[in-house]
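Visitor: Residue numbers (the numbering used here), protein chains in the order written: chain A, 1 to 462; chain B, 1001 to 1250; chain C, 2001 to 2467; chain D, 3001 to 3248. The C-beta atom is built at its ideal place from N, Cα and C for all residues, glycine as well.
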């Protein structure tokens, strides 16, 4: 990549041009997009059919619900992880992330409905806290009997609200632009959503504060949701599995998937949304590094748990290894390890790969598949454990491999399709790059030449 | 008798027979050159005793009963103390013994932390005996210097001597020929030592015939000990039987 | 003398003069302080000799508390050592500009605390003189090599790798400053600096090599940085027999705790440097501000991990584990220590740091960072000792462990020793990197956005020079 | 190659400014050019030193010294071959338990006295001392034999072949093995011929560790008797290499 070409890709400095360029993507809809949407719509309906079918056929058998739990965990953690890509740089005042923060927020809000739909039957299947008169292992020591169900559901709702709130708060100025610069239906939406936002100094400072508060809130909720759901939905179903880093590893896998989703979406928007000037190579480079860092973090958390079990060699330690690693899901484990860590790590370790447009995207696809396998590896065996063993000190009977049935496959395809469909739907309303974010970006950073070196001058407001 | 290299030395301790007389403790102390435990050592929690008798009270006074469990190194097949030693001072040999090599030990005390039975002891000082006990020390056992770990060796000096004798006399080692000091001193024959891999040895037979009483300490840790305990017999369980027998007599 | 040049930057002449005031001249307090410290350090060495001669009976250790103050202090110093790479490498990679005046101090803190930490397993071992078996793969006649499976064997490897790497890292960053010193000294010192400066002329190629070397070392040091405290944590976590230790969260928990304590130690040190040498123009409140913000995030993450650890301790509903936690948290004297640990480790300092007025107040930052390190030392103590002193079914020594005065002195010795080494270092090498300071002055500027004047930083695009 | 280095060094010296002390001008290029070489040499030397220290036979550390025993016992006279003026006695005559027990057994004074009460010069101080120690001796002044059990005391022989306390060496096992496997015997003295034999008497295997004691005026240690030697021999002859075989 030569120097000149690189510096050609920079957001235009004229606000009007920015506005028009960014909003143009919400208006033009190609026919292929419509076809894709229809196809995804059909798949989504089939997914719902799958969930209902699953409920009717396997409604009484907890051991058959592993894939449903896995797909829920996958969708909620990767879509929920995406806003972290916006939040972390926001807290660290990193300027580069401004062009992709909207996309991150959109992804964060895209899976609200799917999550809640899948969650409801799963709560039904979740064993109560007191089984046969005795309290089972759980983080809810003395809590009321249906605490897991209540808090799991509530936490997911909280995450949904926080995600939507974050998107709404940060998109407020764009709604105002929509209100002021469009006609008809869009104007009405803009008017409704933007409220009285006119861009006064007070409103701007409130906005910044709101984004900050929502971001911090979202971060804590995300961690809380992971702790609660990952423990209740997998760890406490397996007798003897005691793994303190597990919620963090789970969350880290989610964030890894979230970064991957943002990279993929950014790539699509760059390619099909004419956003070349906004999503330039610097963005992909930074995202690639983030992807690399999250992959390393994930393997570190996983390994921290693994080595303790491996060395511990106690009955429950061995059972953990038998169930989740060398047991029924050994091939999925290997695939997950390859796709979550080995491939992305070996791919993204090269600066040439990170510092390109396509490199990080390939890494992101690989990592996303890895996260998917990893969730299957965790949830399916955990749900397959015979519920009768729930009071045991350690797992004595390792369940066999559970393969997905037709309902599971329908559900997996349908739920993913519905998330994609939601993203497409949102893309029709608001631009995927915040206009105000680009303005700020332009104000704060500028490519400059210093003596002989090329560089960027970044302003650091307090 | 199985061949020499497939031995697995083990012990069966019948807690029902143990009356807590501490004969084994004393015998071990003498046999293995263990320094005397004085008041100061007790106060500072530095007592050394390769085998010890743990006493548990059962019931309320005056209907109180004492239960005794002799605890010694369990010679675990899957010993948590072994992998943590940085210098291989403790390892498993092919006779199923958990060996402590004094001269390799540098005294990190990591093995002691790894041991769930707390049967490893550290020499905080150079060992010392009263003058008149000096010549009573066992020449077959190393005197451990300060700064190293020690623990029950299943009286390895006796095992070695016994196997050597059998070899010199060109015969197989007989079951019961080798007796560790604790077994020799046990007044109630609660301790039986032998080869667990030999199906005809007394330890194998005992642990088979009494399989409903058989248990090992802390099974959740998966240490696979070579010391097998036989649980105390619950007299209530046999009370009915006895009364039945009584009524039959009449 | 004019301090600022025509572009309102600190003049290079002023920078050189002030930052070399500890090296080219001696502060008045230096000799008295060094001699007092030397006195305490020598006493410490005599005590080590006594311990080696008579055995570990001089400590308060017993059965089952086989590890006590020595290991606690070992972990503590390893933790402190995480400051250097956190500040120099991670912040360098994430391009945090405020790191510049702090890097050197953090790195030497790393090196000296690591060197001190390495001493502790030696003091702690029963037969220190046999440790050569442990550190060096010895003669093959016996056919036995050190046990690679033992975390205690991996410890020295990780720590000495980290030490070597940190020393290299420090040296690479020291070269330009050594050249400055070479040009300002005469006689023996000039010779000394000439050799160390490796012929530094400050030409573009040398600068480029120096930058590349720094970045490469940063990237190489990061995995070592993580591995060091992870391995230290696995010393504990791999033993299934100790309920309070066998926890999967230990590695990240220890690492983040180490960053917490290490960065706090850097804050303490910065305050002392500012007061001792009068570098008010270079170590400025905004550096404390930035460090305190970083610390707030790190401390909160660390508290979250502490919470998770406790949560999972109770999760299993295992009686021994719950008994252990009950002892650790509610029983005297551990309860007082636990309360102090929570208060000093998080509850007192972190809410203070939420206020900008505190973050920019040097005295308050000094005291709060000391609080953090008291808390972090107690954290290690509360993990190690109650974990061992637990109510185990086979031991009846529950009153456990009270360290002897000997051990307390060794703890005190370690602080004297590190401080002494730092002071000796400061007499020979500058504690604030001159070239980093000048570079930051050159790179920073300010622009007007609307009505506000905002400071800016020039960031060079290093990647483009690859082709 | 050397020329290039030399040229670069000269260039470097020329570049140094005039304020630089002369010794620096000399030392810096020396360090610069020779640094790696020096390091390599030092490493090799260190490695060699370590190897030498760990693998050496004991004499280097001064273990080859002989001791002045309380009574000068000439092995040459007792065990030395007859043709050299010795008596050719069997080692096991005095070291009686060597093939039966773990220790080789230093004979009691009585065993010595059983011969030396009659045999040997009455002028010899050593023999007189021996007789005193045996408790039956001749009082020269009064020319009478005194039986004094209070005077009887063991001779305080000084040990020459010492093993550390943590090593358990069993003589019987080794003697029995070697006497049945003569091919494993080492250091065979000239006056003994064991070639081709299937079994040899116990007294002919001692030389493996102790050397040719029969020809030593004063006994000294010929073999290092360090663990390396034990293990090497065990490996060669299929002995146990388990640590617990010797250390317990």
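(1) Are residue 370 of chain A and residue 347 of chain A close, meaning C-beta to C-beta below 8 Å?
(2) How would you call residue 946 of chain B, buried or exposed, if buried means at least 16 neighbouring beta carbons within 10 angstroms?
(3) Using the DSSP secondary-structure output, state which residues sit across from residue 1057 of chain B in a beta bridge.
(4) Does chain C have any CB closer than 8 Å to the CB of residue 3059 of chain D?
(5) Which two residues bound the contiguous alpha helix (DSSP H) that contains residue 2116 of chain C?
(6) In whole angstroms, give me the CA-to-CA distance for residue 1046 of chain B and residue 2063 of chain C.
(7) Report yes if the CB atom of residue 2116 of chain C is closer than 8 Å to the CB atom of residue 2122 of chain C, and no otherwise.
(8) Excluding the five sequence neighbours on either side, which residues of its own chain have a C-beta within less than 6 Å of the C-beta of residue 11 of chain A, listed in chain order?
(9) So if I threshold CB-CB distances at 9 Å, which residues from the segment 3156 to 3184 of chain D count as touching chain B?
(10) Check whether the Cβ of residue 1220 of chain B lies closer than 8 Å to any Cβ atom in chain A.
(11) DSSP three-state call for residue 3057 of chain D: helix, strand or coil?
(12) What residues in its chain sit with their C-beta under 6 Å from that of residue 3057 of chain D, if we drop five residues either side in the sequence?
(13) Would you report the Cα separation of residue 2220 of chain C and residue 1071 of chain B, rounded to the nearest angstrom?
(14) State buried or exposed for residue 2169 of chain C, treating a residue as buried only when at least 16 other CB atoms are found within 10 Å of its CB.
(15) Under 7 Å Cβ to Cβ from residue 255 of chain A, same chain only, skipping five residues before and after it: list those, please.
(16) Would you check whether the ligand ZN has a heavy atom nearer than 7 Å to the C-beta of residue 1185 of chain B?
(17) For residue 407 of chain A, is the classification buried or exposed, using 16 other Cβ atoms within 10 angstroms of its Cβ as the cut-off for buried?
(18) I believe residue 1147 of chain B touches residue 2126 of chain C by the beta-carbon criterion, under 8 Å. Please report the beta-carbon distance rounded to the nearest angstrom.
(19) Go ahead and label residue 1151 of chain B buried or exposed: buried means 16 or more other beta carbons lie within 10 angstroms of its beta carbon, across all protein chains shown.
(20) Assuming residue 3248 of chain D and residue 3162 of chain D make a contact with CB atoms under 8 Å, what is their CB distance in whole Å?
(21) Considering only their Cβ atoms, is the gap separating residue 1099 of chain B from residue 3244 of chain D smaller than 8 Å?
(22) Of all Cβ atoms in chain D, is any one closer than 8 Å to the Cβ of residue 2191 of chain C?
(23) Cβ of residue 265 of chain A within 8 Å of Cβ of residue 125 of chain A?
(24) Let's test the definition: count the other Cβ atoms within 10 Å of the Cβ of residue 56 of chain A and tell me whether it reaches 16, buried, or not, exposed.
(25) Does the beta-carbon of residue 3060 of chain D have 16 or more other beta-carbons within 10 angstroms, so that it is buried, or is it exposed?
(26) Under 8 Å by Cβ, that's how I've got residue 152 of chain A and residue 129 of chain A pegged, so tell me the actual separation to the nearest angstrom.
(27) For a cutoff of 8 Å on Cβ pairs, would you count residue 2239 of chain C as touching chain B?
(28) Relative to the alpha-carbon of residue 2151 of chain C, which residue among B:1111, B:1132 and B:1149 has its alpha-carbon at the smallest distance?
(29) So that I know if they touch, is there some Cβ in chain B lying closer than 8 Å to that of residue 3230 of chain D?
(30) For the beta strand (DSSP E) that contains residue 439 of chain A, what are its first and last residues?
(31) Going by Cα to Cα distance, which pick from A:13, A:79, A:143 and A:18 is closest to residue 105 of chain A?
(32) Does residue 324 of chain A get closer than 8 Å to chain C when you measure Cβ to Cβ?
(33) Quick check on DSSP: helix, strand or coil for residue 453 of chain A?
(34) Could you name the residues of the same chain whose beta carbon sits closer than 7 Å to that of residue 2447 of chain C, not counting the 5 residues immediately before and after it, in chain order?
(35) Under the DSSP definition of a beta bridge, which residues are partnered with residue 2010 of chain C?
(36) If contacts are defined as beta-carbon pairs under 8 Å, then residue 2264 of chain C and residue 2295 of chain C qualify, I think. What distance do you get, rounded to the angstrom?
Guide: Reading from the atomic positions:
(1) no
(2) Since the displayed chain B opens at 1001 and closes at 1250, residue 946 of chain B lies outside it and no answer follows.
(3) B:1066
(4) Low confidence applies to residue 3059 of chain D: its pLDDT is 48, below 50, so where it sits in the model is not reliable, and the reading given next is rough at best. No, no contact with chain C.
(5) 2103 to 2124
(6) 6 Å
(7) no
(8) 277, 278, 438 and 442
(9) 3164, 3165, 3166, 3167, 3168, 3170, 3172, 3173 and 3176
(10) yes
(11) The pLDDT assigned to residue 3057 of chain D is 47, lower than 50, so where the model puts this residue is not dependable; a value taken from the coordinates is nonetheless given after this. Three-state DSSP puts residue 3057 of chain D in coil, outside helix and strand.
(12) Because the pLDDT of residue 3057 of chain D is 47, which lies under 50, any placement of that residue in the model is unreliable, and the number read from its coordinates should be weighed accordingly. Result list for residue 3057 of chain D: 3224, in chain order.
(13) 50 Å
(14) buried
(15) 81, 84 and 294
(16) As far as ligands go, the structure on display features none, and thus does not contain the ligand ZN.
(17) buried
(18) 3 Å
(19) buried
(20) Their Cβ separation, rounded to whole angstroms, is 19 Å, which puts residue 3248 of chain D and residue 3162 of chain D out of contact at 8 Å.
(21) yes
(22) yes
(23) no
(24) exposed
(25) The predicted position of residue 3060 of chain D is uncertain, since its pLDDT is 47 and thus under 50; no value can be drawn from it.
(26) Contact flag wrong, Cβ pair sits at about 12 Å.
(27) yes
(28) B:1111
(29) no
(30) Note, residue 439 of chain A: premise wrong, no beta strand (DSSP E); alpha helix (DSSP H) at 435 to 444.
(31) A:79
(32) no
(33) strand
(34) 2454 and 2456
(35) C:2004
(36) 6 Å
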